[in-house]
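Data first, discussion second: the structure below is written as structure tokens.
So, in structure tokens, the structure goes:
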């Protein structure tokens, strides 16, 4: 008997005859009713993030009729088959889905946490009701009502007509992390609803259990993992073409009347049409205190939300509770918004009292971003003391919650900087989240140095820091310290995991059952830059104080033990302390706030204050994966790799007589800062380098051929390729280029990408047409994403865009193509092209856009229709470009 497929709703309503959820029930408005009855199919084995390669409706093919009586193979179920079952959501759309007849304990006894991760496909209906005053006239597609849909902690959803099947459904990402201040997707209906009768649509949801989202069920005294999903649906009923989104506003605190930052952000959403922010005007009563200016041109696409960046310039102290000004937007006619922005006024801190201060700055030149700072008790006495950079854990909203700021003891002379990492999850403190951490510190330095009122607490530019963090922030502390060792004085990570593949192993991967191991290696090379264990060599001379609860139920304590073990393998005499607190769980209030941690901090600060020379081992190893995302160690920095996609190492050994011997592995170019590491005689790969009589501070080296080196007269170009995720690290807002013609799919994909980047990372995106690229200043700025073949064809006529690798079966239907490309005019930027053989393939490519960590995506991927059922094994070709953006044979795979 196949009982394992039985799906049980854990929270049922008291009455079986509950009334369906009905919203916006007004006489002259459209309204929507979401059914509380669900069909559920699962569970299916899956590893974390694998759902980005698989079809979200796996194992279903939604272009065909769905058979709700069919069974499907699943190795989790007794008998190896699962069937459809039923579930009921609460009136607010909450759904708790579990599979209690699966023998989870038996599976977990051999496979551990990894077996808890699973996929299910969920299906229900929603019904659209026309306004009671509606006539029988036919609606045009542009007049269709728009749905506002928010899927909490689900991976994807799609809305389909009930009487037709869709070859290429549009999948919208869910708010899988239940992010703070999240906005719903604006969803276009797939068909025009009736103006006289209710119209019913199906909605399919990809429900994926991940340990990092839902935790270990043992914590709740159960063996059964439970997916907590919530779906809310409303109709956008507004006559306004542009509306305020105040939850997206960004504003700094004022300290004793002084703005603690220069960035202000105003959330605006276009409900219809393209709108350009034309001007800002300060209200008369505020004009004598400050001025506001637009930082850059902002155009808002239909249904897009953007945060308008304004720079505040203050003339004199301002103590009011609101900033008042006008914003003018233009489309065919202008709209003026009167803005009254609430601000928090705080007194100047003292040795006995202080506020946790919210500061602001412009990330990537124009994205208003908030951070928090805890001022020291006392002003500088002599040279400023090093600041502390404190990285929060996953899901911790430092802006909306005081929890993280309250976790630290105020320091006597050191500032504590609490960056947001872009959002509460961000990019796990990698890539753009790491950049946000450094830029928040630099922003504080700028605020203190530019305002005479704060001059006694100022900090020098490029201050070296002590890094602390908890959980995901502890992992981030290991990351920042090992990638930028010359800017980190010491690191204190608490409850840190090593890397995602160690947190929850990938052993239940569906893709791996079908994939060539050579392809798997190339795909997973894109995870290498995040694998902290590979970069511990960079920490051998850094004081490390790792803390972990001995009974951590979230991140097992062995992670910290192993990282310390790796460090001591590199250097048995490393300054490494490991404090395991017996019986303590993942979080406890004293984890980073205790006498031992404070003594560690005091020791580091004292060593800096006494100007003790920095410890430097006679032999050390610098490890790098992506040069643009790593700094220097003792002045040595790797700038490009011989074979991108593989790690590179420099082993530097100093002899007693002062001779320096360097051994390279997979290094194409490097430099050494001679002001940090003086060199009088140098050997690289057993060949002496003849140094000029007069040396500059920087000595640049590059290969003529493998392991044959010469001195370079000019700085080497930093290699920034290696994985697709680097497209997110843009110097300015990301430009999403779509065709000039009215291609609804390309615009829809651009809007979905813009929504996801705003949700997960608070990244700003400009959506522009391909003919505007050369007139909008796009090519003078940051990274560019080209959506669709039409936009790429237009750009190809203006400058060279290299095709993907030759001899690919690009005439097969359903092929999706993603590849990084050098920026045509800006060497500090790059492009990502999303192309396809048809609309199905373009949707497949769009689902792989690199929004989340842990999705294995090298520089280029060509993916076929088989991926819907075998995941990443459906990749047709993939690889990493060479350091000169050409074919890289060792790191390329073709079917």
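Numbering (mature numbering (1 follows the signal peptide of the UniProt record, and there is no 0)), first residue to last: -16 to -1, 1 to 879.
Virtual Cβ for every residue (Gly too), placed ideally from N, Cα, C.
The structure displayed is predicted, hence computed values, not measured ones.
Query, Result
"Residues of its chain near residue 403, where Cβ-Cβ distance is below 6 Å and the 5 sequence neighbours each way are ignored", "355, 420, 421 and 424"
"Neighbour-count burial assignment, residue 662, 16 or more Cβ in a 10 Å radius", "exposed"
"Boundaries of the beta strand (DSSP E) in which residue 895 is found, first to last residue", "Since the displayed the chain opens at -16 and closes at 879, residue 895 lies outside it and no answer follows."
"Residue 277, buried or exposed, once every other Cβ within 10 Å from all chains shown has been counted against 16", "exposed"
"Cβ pair residue 882, residue 482 closer than 9 Å", "The question about residue 882 has no answer, for the chain in this structure spans -16 to 879."
"Residue burial classification, residue 833 (beta-carbon count within 10 angstroms, cutoff 16)", "buried"
"Nearest-angstrom beta carbon gap, residue 579 and residue 381 [assumed within contact, 8 Å]", "The pair is not a contact, with the Cβ atoms about 29 Å apart (cut-off 8 Å)."
"Residue 685 - partner residues in DSSP beta bridges", "654 and 695"
"Start-to-end residues for the alpha helix (DSSP H) that takes in residue 812", "Note, residue 812: premise wrong, no alpha helix (DSSP H); not H, not E."
"Closest by C-alpha distance to residue 523, when choosing among 301, 748, 558 and 843", "558"
"Opening and closing residue of the beta strand (DSSP E) in which residue 322 lies", "318 to 326"
"Residue 371 at chain C interface by Cβ criterion, 9 Å", "The structure shown contains no chain C, having only a single protein chain."
"Nearest-angstrom beta carbon gap, residue 826 and residue 753 [assumed within contact, 8 Å]", "Between residue 826 and residue 753 the Cβ distance is about 17 Å, and since that is not below 8 Å, they are no contact."
"Buried/exposed call for residue 344, threshold 16 Cβ in 10 Å", "buried"
"Contact set for residue 771: own chain, Cβ-Cβ below 7 Å, skip 5 residues either direction", "720, 721, 722, 730, 733, 734 and 818"
"Every unbroken alpha helix (DSSP H) inside the region 485 to 571 [4 residues or more]", "501 to 508 and 542 to 554"
"Any alpha helix (DSSP H) of 4 or more consecutive residues that is wholly inside the region 75 to 119", "88 to 95"
"Opposing strand residues paired with residue 156 [DSSP bridges]", "141"
"Stretch pair the region 668 to 684 + the region 471 to 479: three plus CB contacts closer than 8 Å", "no"
"Proximity of residue 800 and residue 846 at Cβ, strictly below 9 Å", "yes"
"Cβ contact check for the region 369 to 381 and the region 394 to 408: 3 or more pairs under 8 Å", "yes"
"Simplified DSSP state of residue 56, which is helix, strand or coil", "strand"
"Option nearest residue 860 by Cα separation, candidates 836, 577, 506 and 93", "506"
"Euclidean distance between Cα positions of residue 876 and residue 514", "21 Å"
"Status (buried if at least 16 other CB within 10 Å, exposed otherwise) for residue 366", "exposed"
"Complete runs of the beta strand (DSSP E) confined to the region 318 to 401 [at least 3 residues]", "318 to 326, 341 to 347, 351 to 358 and 372 to 375"
"For residue 887, the nearest candidate out of 757, 474 and 567 (CA to CA)", "The structure shown does not extend to residue 887, since the chain is modelled only from -16 through 879, so no value can be given for it."
"Same chain, Cβ closer than 6 Å to residue 259, five either side skipped, listed in chain order", "226, 284, 313 and 315"
"Nearest neighbour of residue 143, chosen from 175, 161 and 600 [CA to CA]", "175"
"Helix, strand or coil at residue 704 [DSSP, three-state]", "coil"
"Distance between residue 776 and residue 805 (C-alpha atoms, nearest Å)", "12 Å"
"Cβ-based burial, residue 180 [other Cβ within 10 Å; buried from 16]", "exposed"
"Pair within 9 Å by beta-carbon distance, residue 217 and residue 131", "yes"
"Residue range of the unbroken alpha helix (DSSP H) whose run includes residue 420", "415 to 434"
"Between the CA atoms of residue 308 and residue 429 - distance to the nearest angstrom", "28 Å"
"Neighbourhood of residue 798 by C-beta, 6 Å cutoff - its chain only, sequence neighbours within 5 removed", "824, 825 and 849"
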